Amino acid sequence: MEELLYTALDVACIVDNIGLSTQEMMKLSHRMHVEDNLFLSKEYRNNYRKWLLDILYWSDYMQDKILLDAEFPSIQAISDGHLDVEALTRDDFNIDLFFKKLRIQILYLGKNDYVRMKLRTLMAAYGFKRRSKEFVYFLQCRLAFYHIQTALRGNEICNVEDMESLDDMITFRVI
992 MEELLYTALD
1002 VACIVDNIGL
1012 STQEMMKLSH
1022 RMHVEDNLFL
1032 SKEYRNNYRK
1042 WLLDILYWSD
1052 YMQDKILLDA
1062 EFPSIQAISD
1072 GHLDVEALTR
1082 DDFNIDLFFK
1092 KLRIQILYLG
1102 KNDYVRMKLR
1112 TLMAAYGFKR
1122 RSKEFVYFLQ
1132 CRLAFYHIQT
1142 ALRGNEICNV
1152 EDMESLDDMI
1162 TFRVI
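Using my numbering, the first residue of the sequence shown is number 992, and each one after it goes up by one.
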């Protein structure tokens, strides 16, 4: 479950995606370190300075990602090819980031204490077409880890597995 904890890269991606200013990002990083410390990677829990500096580093990278990635072959040539391409060029950002962003939006950034969307939209965004048992299990594990509750219209608590339609609006709340 270590991969579900927040890293500085995760926060930088979320900040870049949402378009927060540097001042807003600084406030967010401080609040997360104080209020959501148990969800941070272990290396950051007792070291706010490292947390903040790593977020700033990855935020800078996200701003100039295309330019920096284009210069990587030159950097690798100077280092005699010993640099790990995967460690320095990032192009992933998977479905776990969705749940991390969802929790941050609900707790720190949103005007409301919830986020709404269709299950079909979530599935389509990550390449799923059917509600398989594996997908439902995966989703339930993430929802449980991040303490996110799902409900249908009228605040009727629901289980994603039991929903009748993929087009029903789901309300996500942190409990």
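The beta carbon of each residue, even a glycine, is placed where N, CA and C say it ideally should be. Just so it is clear, the structure is predicted and the values come from calculations on it, not from any experiment.
Put simply, of Glu1152, Arg1144, Phe1030 the residue whose alpha carbon is nearest the alpha carbon of Phe1126 is Glu1152. The C-alpha of Tyr1137 lies about 10 angstroms from the C-alpha of Ile1095. Residue state for Tyr1048 is assigned as helix, using DSSP reduced to three classes. Taking every protein chain shown into account, the CB of Ile1148 has fewer than 16 other CB atoms within 10 angstroms, so this residue is exposed. Considering only Leu1088, Ala1135, Lys1102, Asn1038, the residue with the shortest C-alpha distance to Leu1113 is Leu1088. Under DSSP, Lys1109 takes part in a beta bridge, and its partners are Met1160.
Going by beta carbons, Leu1019 and Leu996 fall outside the 8 angstroms limit.
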